[in-house]
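I have placed the structure first, in the form of C-alpha coordinates, so that the comments after it can refer back to it.
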Amino acid sequence: MIFAVTASLLGFLALSIPVGIVLFLLGIGVDQFFTPFPLLRGLGQVVWSSSNSSTLIAIPFFVLLGEILVRGGIAEKTYEALDKWFSWLPGGLIHANIGTATMFSATSGSSVATAATVATVAMPQAEKLGYDPKLFSGAIAAGGTLGIMIPPSINLIVYGFLTETSIPRLFLAGLVPGLVMAVAFMLVTVVLCKIKPSLGGQSRSFTWSERIGSLRHLIPILILFIAVIGSIYAGWATPTESAAIGVVIAMLIAAFNRGVSNDMIKLCLVGTVRITAMIMLVIIGAYFLNFTLTAAGMGRELKDLLTGLNFSPMGTLMVVIALYIVLGFFIETLSLMVATIPIIVPIMTGMGFDKVWFGILLIVLIEMALITPPVGLNLYVVQGARKSGRLSEVMLGTIPFVLVMMAMIVGLIFLPQLALFLPDYL
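Numbering (my numbering), first residue to last: 52 to 477.
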(Lines of atoms letter the chains of each structure in order from A and count residues from 1; the text may use other names and numbers.)
(Lines give C-alpha, C1' and ligand atoms only; values in the text may rest on other atoms or scores of the structure.)
Protein backbone atom coordinates (compact mmCIF):
# COMPACT_ATOMS: atom_id res chain seq x y z
CA MET A 1 0.00 0.00 0.00
CA ILE A 2 2.87 2.40 0.77
CA PHE A 3 4.27 2.04 -2.75
CA ALA A 4 0.85 2.31 -4.40
CA VAL A 5 -0.10 5.49 -2.50
CA THR A 6 3.30 7.15 -3.08
CA ALA A 7 3.31 6.31 -6.80
CA SER A 8 -0.26 7.55 -7.18
CA LEU A 9 0.55 10.79 -5.37
CA LEU A 10 3.52 11.55 -7.61
CA GLY A 11 1.55 10.51 -10.70
CA PHE A 12 -1.39 12.79 -9.93
CA LEU A 13 0.93 15.71 -9.17
CA ALA A 14 2.75 15.12 -12.45
CA LEU A 15 -0.60 15.62 -14.21
CA SER A 16 -0.83 19.09 -12.60
CA ILE A 17 -4.00 18.21 -10.70
CA PRO A 18 -4.52 20.62 -7.76
CA VAL A 19 -3.01 19.19 -4.59
CA GLY A 20 -6.20 19.37 -2.53
CA ILE A 21 -8.08 17.35 -5.18
CA VAL A 22 -5.21 14.84 -5.34
CA LEU A 23 -5.50 14.18 -1.60
CA PHE A 24 -9.25 13.54 -1.89
CA LEU A 25 -8.70 11.21 -4.88
CA LEU A 26 -6.07 9.24 -2.96
CA GLY A 27 -8.42 8.94 0.01
CA ILE A 28 -11.19 7.61 -2.21
CA GLY A 29 -8.72 5.19 -3.84
CA VAL A 30 -7.58 3.85 -0.46
CA ASP A 31 -11.23 3.41 0.53
CA GLN A 32 -12.00 1.45 -2.64
CA PHE A 33 -8.93 -0.79 -2.90
CA PHE A 34 -7.35 -1.26 0.54
CA THR A 35 -10.15 -1.58 3.08
CA PRO A 36 -13.56 -3.29 3.19
CA PHE A 37 -15.06 -0.55 5.35
CA PRO A 38 -17.29 2.13 3.73
CA LEU A 39 -14.99 4.97 4.78
CA LEU A 40 -16.46 7.37 2.22
CA ARG A 41 -19.54 7.64 4.42
CA GLY A 42 -17.42 9.43 6.99
CA LEU A 43 -16.38 12.17 4.55
CA GLY A 44 -18.87 14.73 5.86
CA GLN A 45 -17.81 14.27 9.46
CA VAL A 46 -14.11 14.45 8.52
CA VAL A 47 -14.63 17.66 6.53
CA TRP A 48 -16.52 19.26 9.42
CA SER A 49 -14.15 18.16 12.21
CA SER A 50 -11.01 19.17 10.29
CA SER A 51 -12.28 22.68 9.59
CA ASN A 52 -14.21 23.34 12.81
CA SER A 53 -11.33 24.79 14.82
CA SER A 54 -10.80 28.27 16.18
CA THR A 55 -7.05 27.79 15.71
CA LEU A 56 -7.44 27.73 11.93
CA ILE A 57 -9.11 31.14 11.94
CA ALA A 58 -5.62 32.56 12.50
CA ILE A 59 -4.66 31.52 8.96
CA PRO A 60 -6.88 33.97 7.00
CA PHE A 61 -6.01 36.74 9.46
CA PHE A 62 -2.25 36.27 8.98
CA VAL A 63 -2.71 35.98 5.22
CA LEU A 64 -4.68 39.25 5.23
CA LEU A 65 -2.00 40.86 7.39
CA GLY A 66 0.63 39.97 4.81
CA GLU A 67 -1.56 41.24 1.95
CA ILE A 68 -2.01 44.60 3.67
CA LEU A 69 1.74 44.97 4.22
CA VAL A 70 2.47 44.13 0.59
CA ARG A 71 -0.21 46.30 -1.01
CA GLY A 72 -0.13 49.16 1.49
CA GLY A 73 3.27 50.48 0.38
CA ILE A 74 5.01 49.46 3.61
CA ALA A 75 7.44 47.03 1.93
CA GLU A 76 9.14 49.62 -0.24
CA LYS A 77 9.81 52.00 2.65
CA THR A 78 11.17 49.18 4.83
CA TYR A 79 13.47 48.06 2.02
CA GLU A 80 14.84 51.55 1.44
CA ALA A 81 15.55 51.98 5.16
CA LEU A 82 17.43 48.67 5.46
CA ASP A 83 19.39 49.48 2.30
CA LYS A 84 20.77 52.58 4.03
CA TRP A 85 21.87 50.54 7.06
CA PHE A 86 23.37 47.52 5.25
CA SER A 87 24.90 49.21 2.19
CA TRP A 88 28.39 49.33 3.73
CA LEU A 89 28.66 45.50 3.94
CA PRO A 90 30.16 43.50 1.07
CA GLY A 91 27.10 42.63 -1.01
CA GLY A 92 25.20 45.70 0.27
CA LEU A 93 21.74 45.45 -1.28
CA ILE A 94 21.66 41.65 -0.88
CA HIS A 95 21.70 42.17 2.88
CA ALA A 96 18.75 44.52 2.52
CA ASN A 97 16.93 41.65 0.76
CA ILE A 98 17.60 39.30 3.67
CA GLY A 99 16.88 41.95 6.30
CA THR A 100 13.57 42.92 4.70
CA ALA A 101 12.61 39.27 4.36
CA THR A 102 13.39 38.76 8.05
CA MET A 103 11.26 41.72 9.13
CA PHE A 104 8.32 40.72 6.96
CA SER A 105 8.65 37.12 8.13
CA ALA A 106 8.03 38.45 11.63
CA THR A 107 4.67 39.82 10.55
CA SER A 108 3.24 38.03 7.50
CA GLY A 109 3.67 34.33 8.38
CA SER A 110 4.02 33.27 4.74
CA SER A 111 7.23 32.45 2.86
CA VAL A 112 5.75 32.91 -0.60
CA ALA A 113 4.25 36.29 0.33
CA THR A 114 7.58 37.38 1.84
CA ALA A 115 9.56 36.33 -1.24
CA ALA A 116 7.07 38.01 -3.57
CA THR A 117 7.17 41.24 -1.55
CA VAL A 118 10.96 41.53 -1.49
CA ALA A 119 11.39 40.40 -5.10
CA THR A 120 8.93 42.99 -6.42
CA VAL A 121 10.71 45.83 -4.62
CA ALA A 122 14.32 44.66 -5.07
CA MET A 123 14.62 43.34 -8.62
CA PRO A 124 14.67 46.71 -10.42
CA GLN A 125 17.60 47.77 -8.20
CA ALA A 126 19.66 44.65 -9.03
CA GLU A 127 19.94 45.38 -12.74
CA LYS A 128 20.57 49.09 -12.23
CA LEU A 129 23.44 48.58 -9.74
CA GLY A 130 25.11 45.61 -11.46
CA TYR A 131 24.53 42.80 -8.97
CA ASP A 132 25.13 39.20 -9.92
CA PRO A 133 21.63 37.94 -10.84
CA LYS A 134 22.22 34.45 -9.41
CA LEU A 135 23.27 35.44 -5.89
CA PHE A 136 20.87 38.39 -5.74
CA SER A 137 17.78 36.38 -6.70
CA GLY A 138 18.92 33.35 -4.68
CA ALA A 139 19.15 35.50 -1.55
CA ILE A 140 15.57 36.71 -2.04
CA ALA A 141 14.26 33.18 -2.51
CA ALA A 142 16.16 31.93 0.55
CA GLY A 143 15.28 34.95 2.69
CA GLY A 144 11.63 34.37 1.88
CA THR A 145 11.75 30.94 3.48
CA LEU A 146 12.21 32.59 6.87
CA GLY A 147 8.50 33.41 6.70
CA ILE A 148 7.59 29.92 7.91
CA MET A 149 10.20 29.85 10.69
CA ILE A 150 10.14 33.25 12.38
CA PRO A 151 6.84 33.73 14.24
CA PRO A 152 4.07 34.20 13.41
CA SER A 153 4.12 31.31 10.95
CA ILE A 154 1.17 29.78 9.13
CA ASN A 155 3.05 26.49 8.75
CA LEU A 156 3.77 26.32 12.50
CA ILE A 157 0.08 26.94 13.16
CA VAL A 158 -0.80 24.04 10.86
CA TYR A 159 1.81 21.83 12.55
CA GLY A 160 0.47 22.72 15.99
CA PHE A 161 -3.10 22.05 14.86
CA LEU A 162 -2.26 18.64 13.35
CA THR A 163 -0.13 17.47 16.28
CA GLU A 164 -2.02 19.18 19.13
CA THR A 165 1.13 21.08 20.11
CA SER A 166 1.19 24.46 21.84
CA ILE A 167 1.43 27.10 19.12
CA PRO A 168 3.01 29.72 21.44
CA ARG A 169 5.75 27.19 22.32
CA LEU A 170 6.31 26.51 18.60
CA PHE A 171 6.54 30.25 17.91
CA LEU A 172 9.16 30.64 20.64
CA ALA A 173 11.07 27.59 19.39
CA GLY A 174 11.27 28.98 15.85
CA LEU A 175 12.52 32.44 16.80
CA VAL A 176 16.20 31.69 17.57
CA PRO A 177 16.81 29.25 14.66
CA GLY A 178 15.13 31.72 12.29
CA LEU A 179 17.27 34.65 13.40
CA VAL A 180 20.42 32.50 13.38
CA MET A 181 19.72 31.47 9.78
CA ALA A 182 19.09 35.11 8.79
CA VAL A 183 22.50 36.09 10.23
CA ALA A 184 24.11 33.04 8.58
CA PHE A 185 22.64 34.03 5.21
CA MET A 186 24.25 37.45 5.59
CA LEU A 187 27.60 35.99 6.67
CA VAL A 188 27.64 33.67 3.64
CA THR A 189 26.92 36.66 1.42
CA VAL A 190 29.79 38.63 2.97
CA VAL A 191 32.20 35.74 2.44
CA LEU A 192 31.16 35.20 -1.18
CA CYS A 193 31.38 38.92 -1.99
CA LYS A 194 34.80 39.15 -0.29
CA ILE A 195 36.05 36.26 -2.39
CA LYS A 196 34.50 37.65 -5.59
CA PRO A 197 33.66 41.38 -5.20
CA SER A 198 31.87 41.54 -8.56
CA LEU A 199 28.99 39.55 -7.04
CA GLY A 200 28.11 42.46 -4.79
CA GLY A 201 27.50 45.23 -7.31
CA GLN A 202 28.41 48.86 -6.79
CA SER A 203 29.53 50.04 -3.35
CA ARG A 204 27.40 52.83 -1.88
CA SER A 205 27.42 54.80 1.35
CA PHE A 206 24.90 56.92 3.25
CA THR A 207 25.35 59.51 5.94
CA TRP A 208 24.40 58.82 9.54
CA SER A 209 21.67 61.41 9.35
CA GLU A 210 20.13 59.55 6.40
CA ARG A 211 20.34 56.25 8.26
CA ILE A 212 18.84 57.60 11.46
CA GLY A 213 16.13 59.38 9.49
CA SER A 214 15.17 56.09 7.81
CA LEU A 215 14.44 54.43 11.16
CA ARG A 216 10.95 55.94 11.13
CA HIS A 217 10.07 53.45 8.39
CA LEU A 218 11.21 50.48 10.53
CA ILE A 219 9.35 51.48 13.69
CA PRO A 220 5.86 50.50 12.36
CA ILE A 221 7.05 46.96 11.58
CA LEU A 222 8.62 46.69 15.03
CA ILE A 223 5.40 47.88 16.66
CA LEU A 224 3.40 45.38 14.65
CA PHE A 225 5.69 42.50 15.66
CA ILE A 226 5.56 43.45 19.34
CA ALA A 227 1.77 43.77 19.22
CA VAL A 228 1.23 40.40 17.52
CA ILE A 229 3.80 38.30 19.38
CA GLY A 230 3.79 40.28 22.63
CA SER A 231 0.02 39.96 23.06
CA ILE A 232 0.37 36.17 22.89
CA TYR A 233 3.10 35.85 25.51
CA ALA A 234 1.62 38.50 27.77
CA GLY A 235 -1.46 36.30 27.96
CA TRP A 236 -3.68 39.01 26.50
CA ALA A 237 -4.60 37.16 23.31
CA THR A 238 -4.61 33.76 21.65
CA PRO A 239 -2.70 33.37 18.34
CA THR A 240 -6.00 33.85 16.51
CA GLU A 241 -6.84 37.01 18.43
CA SER A 242 -3.33 38.38 18.01
CA ALA A 243 -3.62 37.88 14.25
CA ALA A 244 -6.79 39.97 14.26
CA ILE A 245 -5.00 42.65 16.28
CA GLY A 246 -2.20 42.59 13.72
CA VAL A 247 -4.64 43.14 10.85
CA VAL A 248 -6.08 46.24 12.53
CA ILE A 249 -2.62 47.69 13.26
CA ALA A 250 -1.38 46.92 9.74
CA MET A 251 -4.38 48.70 8.28
CA LEU A 252 -3.71 51.73 10.48
CA ILE A 253 -0.05 51.76 9.37
CA ALA A 254 -1.09 51.52 5.71
CA ALA A 255 -3.60 54.34 6.23
CA PHE A 256 -0.93 56.50 7.87
CA ASN A 257 1.28 55.89 4.80
CA ARG A 258 -1.67 56.78 2.54
CA GLY A 259 -1.66 53.30 1.06
CA VAL A 260 -5.33 52.48 1.67
CA SER A 261 -7.84 52.70 -1.17
CA ASN A 262 -10.89 50.82 -2.35
CA ASP A 263 -8.83 48.92 -4.93
CA MET A 264 -6.18 48.07 -2.33
CA ILE A 265 -8.79 46.68 0.10
CA LYS A 266 -10.44 44.69 -2.69
CA LEU A 267 -7.11 43.16 -3.79
CA CYS A 268 -6.22 42.29 -0.18
CA LEU A 269 -9.54 40.54 0.44
CA VAL A 270 -9.53 38.66 -2.86
CA GLY A 271 -5.92 37.52 -2.30
CA THR A 272 -6.78 36.39 1.22
CA VAL A 273 -9.78 34.38 0.07
CA ARG A 274 -7.77 32.65 -2.67
CA ILE A 275 -4.84 31.70 -0.46
CA THR A 276 -7.01 30.65 2.50
CA ALA A 277 -9.25 28.52 0.26
CA MET A 278 -6.20 26.75 -1.13
CA ILE A 279 -4.77 26.08 2.33
CA MET A 280 -8.09 24.82 3.72
CA LEU A 281 -8.71 22.53 0.74
CA VAL A 282 -5.29 20.97 1.30
CA ILE A 283 -5.85 20.58 5.06
CA ILE A 284 -9.30 19.02 4.66
CA GLY A 285 -8.09 16.73 1.85
CA ALA A 286 -5.12 15.65 3.95
CA TYR A 287 -7.39 14.92 6.92
CA PHE A 288 -9.60 12.71 4.76
CA LEU A 289 -6.58 10.92 3.29
CA ASN A 290 -5.09 10.36 6.74
CA PHE A 291 -8.48 9.08 7.95
CA THR A 292 -8.57 6.46 5.19
CA LEU A 293 -4.88 5.58 5.54
CA THR A 294 -5.24 5.06 9.29
CA ALA A 295 -8.30 2.86 8.83
CA ALA A 296 -6.48 0.85 6.16
CA GLY A 297 -3.43 0.32 8.40
CA MET A 298 -0.95 2.59 6.62
CA GLY A 299 0.43 3.96 9.87
CA ARG A 300 1.07 0.46 11.12
CA GLU A 301 2.77 -0.52 7.84
CA LEU A 302 5.02 2.53 7.91
CA LYS A 303 5.88 1.99 11.56
CA ASP A 304 6.68 -1.68 10.88
CA LEU A 305 8.84 -0.59 7.94
CA LEU A 306 10.84 1.90 10.00
CA THR A 307 11.18 -0.34 13.04
CA GLY A 308 11.97 -3.30 10.79
CA LEU A 309 15.12 -1.52 9.71
CA ASN A 310 16.37 -2.08 13.27
CA PHE A 311 17.88 1.39 13.33
CA SER A 312 18.48 3.36 16.48
CA PRO A 313 16.27 6.42 17.05
CA MET A 314 19.01 8.58 15.53
CA GLY A 315 19.24 6.28 12.51
CA THR A 316 15.48 6.46 12.05
CA LEU A 317 15.69 10.25 12.26
CA MET A 318 18.26 10.22 9.44
CA VAL A 319 15.90 8.13 7.30
CA VAL A 320 13.04 10.55 7.97
CA ILE A 321 15.23 13.57 7.11
CA ALA A 322 16.31 11.91 3.86
CA LEU A 323 12.66 11.11 3.10
CA TYR A 324 11.60 14.74 3.54
CA ILE A 325 14.50 16.03 1.43
CA VAL A 326 13.53 13.71 -1.44
CA LEU A 327 9.80 14.37 -1.17
CA GLY A 328 10.52 18.09 -0.99
CA PHE A 329 11.82 17.92 -4.56
CA PHE A 330 8.40 16.86 -5.86
CA ILE A 331 5.63 17.89 -3.43
CA GLU A 332 4.46 21.40 -2.53
CA THR A 333 5.51 22.23 1.02
CA LEU A 334 2.18 22.67 2.82
CA SER A 335 0.88 19.53 1.14
CA LEU A 336 3.99 17.66 2.22
CA MET A 337 3.42 18.74 5.81
CA VAL A 338 -0.25 17.87 6.12
CA ALA A 339 0.11 14.57 4.25
CA THR A 340 2.97 13.25 6.39
CA ILE A 341 2.77 14.85 9.84
CA PRO A 342 -0.06 12.68 11.25
CA ILE A 343 1.91 9.56 10.29
CA ILE A 344 5.52 10.55 10.95
CA VAL A 345 5.22 12.64 14.14
CA PRO A 346 3.67 9.86 16.33
CA ILE A 347 6.47 7.53 15.26
CA MET A 348 9.18 10.07 16.09
CA THR A 349 7.67 11.08 19.44
CA GLY A 350 7.29 7.40 20.27
CA MET A 351 11.05 7.09 19.88
CA GLY A 352 11.61 9.86 22.43
CA PHE A 353 12.00 12.95 20.22
CA ASP A 354 10.44 16.17 21.49
CA LYS A 355 7.39 17.22 19.46
CA VAL A 356 8.27 20.93 19.51
CA TRP A 357 11.89 20.26 18.53
CA PHE A 358 10.87 17.96 15.69
CA GLY A 359 8.44 20.62 14.44
CA ILE A 360 11.28 23.13 14.07
CA LEU A 361 13.51 20.53 12.39
CA LEU A 362 10.66 19.77 10.01
CA ILE A 363 10.21 23.46 9.20
CA VAL A 364 13.89 23.73 8.19
CA LEU A 365 13.37 20.77 5.86
CA ILE A 366 10.27 22.45 4.46
CA GLU A 367 12.29 25.65 3.95
CA MET A 368 14.75 23.65 1.86
CA ALA A 369 11.86 22.30 -0.21
CA LEU A 370 10.79 25.88 -0.97
CA ILE A 371 14.06 26.60 -2.82
CA THR A 372 14.94 23.21 -4.34
CA PRO A 373 13.74 22.31 -7.85
CA PRO A 374 11.54 21.27 -9.49
CA VAL A 375 8.67 22.30 -7.16
CA GLY A 376 10.34 25.00 -5.03
CA LEU A 377 7.64 27.70 -4.96
CA ASN A 378 9.97 30.55 -4.01
CA LEU A 379 12.09 29.86 -7.09
CA TYR A 380 9.12 30.53 -9.36
CA VAL A 381 7.96 33.54 -7.34
CA VAL A 382 11.37 35.22 -7.68
CA GLN A 383 11.72 34.26 -11.34
CA GLY A 384 8.30 35.75 -12.01
CA ALA A 385 9.40 39.02 -10.44
CA ARG A 386 12.62 39.08 -12.49
CA LYS A 387 10.76 38.98 -15.85
CA SER A 388 14.01 38.06 -17.59
CA GLY A 389 16.84 35.55 -17.38
CA ARG A 390 16.58 31.83 -16.68
CA LEU A 391 15.11 29.93 -13.76
CA SER A 392 18.40 28.00 -13.51
CA GLU A 393 20.10 31.23 -12.35
CA VAL A 394 17.79 31.46 -9.34
CA MET A 395 18.38 27.77 -8.59
CA LEU A 396 22.16 28.19 -8.66
CA GLY A 397 21.92 31.28 -6.46
CA THR A 398 20.15 29.36 -3.69
CA ILE A 399 22.89 26.72 -3.30
CA PRO A 400 24.91 28.58 -0.60
CA PHE A 401 21.73 29.14 1.39
CA VAL A 402 20.65 25.50 1.09
CA LEU A 403 24.02 24.60 2.64
CA VAL A 404 23.23 26.97 5.54
CA MET A 405 19.92 25.16 6.07
CA MET A 406 21.69 21.80 6.09
CA ALA A 407 24.09 23.17 8.69
CA MET A 408 21.07 24.29 10.76
CA ILE A 409 19.66 20.75 10.60
CA VAL A 410 22.95 19.41 11.95
CA GLY A 411 22.94 22.10 14.63
CA LEU A 412 19.42 21.22 15.75
CA ILE A 413 20.31 17.53 15.97
CA PHE A 414 23.41 18.04 18.09
CA LEU A 415 22.20 21.11 19.96
CA PRO A 416 18.42 20.69 20.53
CA GLN A 417 18.42 23.62 22.97
CA LEU A 418 18.86 25.89 19.97
CA ALA A 419 15.11 25.43 19.51
CA LEU A 420 14.03 24.43 23.02
CA PHE A 421 15.83 27.06 25.11
CA LEU A 422 13.20 29.81 24.80
CA PRO A 423 10.12 27.56 25.23
CA ASP A 424 11.66 25.86 28.27
CA TYR A 425 12.97 29.08 29.82
CA LEU A 426 9.80 31.12 29.37
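All residues carry an ideal CB built from backbone N, CA and C; glycine is no exception.
Assumed close pair residue i, residue j - CB separation to whole angstroms, cut-off 8 Å
i	j	result
T240	G142	4 Å
Y210	G80	With a Cβ gap of about 26 Å, Y210 and G80 do not count as contacting.
V455	M232	6 Å
T153	L197	6 Å
P219	Y284	7 Å
G440	P184	6 Å
A170	L430	Contact flag wrong, Cβ pair sits at about 11 Å.
G71	G336	4 Å
P202	L226	6 Å
P393	L213	6 Å
S249	G195	25 Å between Cβ atoms; not a contact.
S293	V279	5 Å
F112	V298	6 Å
L463	L412	5 Å
L144	Q176	6 Å
L223	L442	Going by Cβ atoms, the distance from L223 to L442 rounds to 36 Å, so no, they are not a contact pair.
E418	I199	6 Å
F63	V73	4 Å
I208	T106	7 Å
G379	L416	7 Å
I304	P271	4 Å
V428	T384	Checking the displayed sequence, the identity of residue 428 turns out to be Leu instead of Val. Yes, they are in contact, since the Cβ atoms of L428 and T384 sit about 7 Å apart, within 8 Å.
Three-state class that DSSP yields for residue i in the structure shown
i	result
M446	helix
S217	coil
R309	coil
L269	coil
S105	helix
A285	coil
M200	coil
D355	helix
M76	Met is not the amino acid found at residue 76; the sequence shown has Leu there. Note: L76 maps to helix in three-state DSSP.
N361	coil
F88	coil
F236	helix
S260	helix
G440	coil
K245	helix
I205	helix
G123	coil
I464	helix
P111	helix
G71	helix
P290	helix
P424	coil
G62	helix
R325	helix
G348	coil
Range of the contiguous alpha helix (DSSP H) that encloses residue i
i	result
G435	L428 to R437
W478	In the structure as shown, the chain begins at 52 and stops at 477. Residue 478 is therefore absent and cannot be evaluated.
P364	P364 to G379
L385	T384 to G401
P474	Q468 to Y476
Any chain D beta carbon closer than 8 Å to residue i
i	result
F404	Structure shown: chain D not included; a single protein chain is present.
Any non-hydrogen atom of the ligand MG within 7 Å of residue i CB
i	result
G251	For the structure depicted, the ligand MG is absent and the ligand set is empty, with no information on it obtainable.
Problem - Ranges of the alpha helix (DSSP H) found wholly within the stretch 136 to 201, counting only runs of at least 4 - result: 143 to 159, 162 to 180 and 184 to 195
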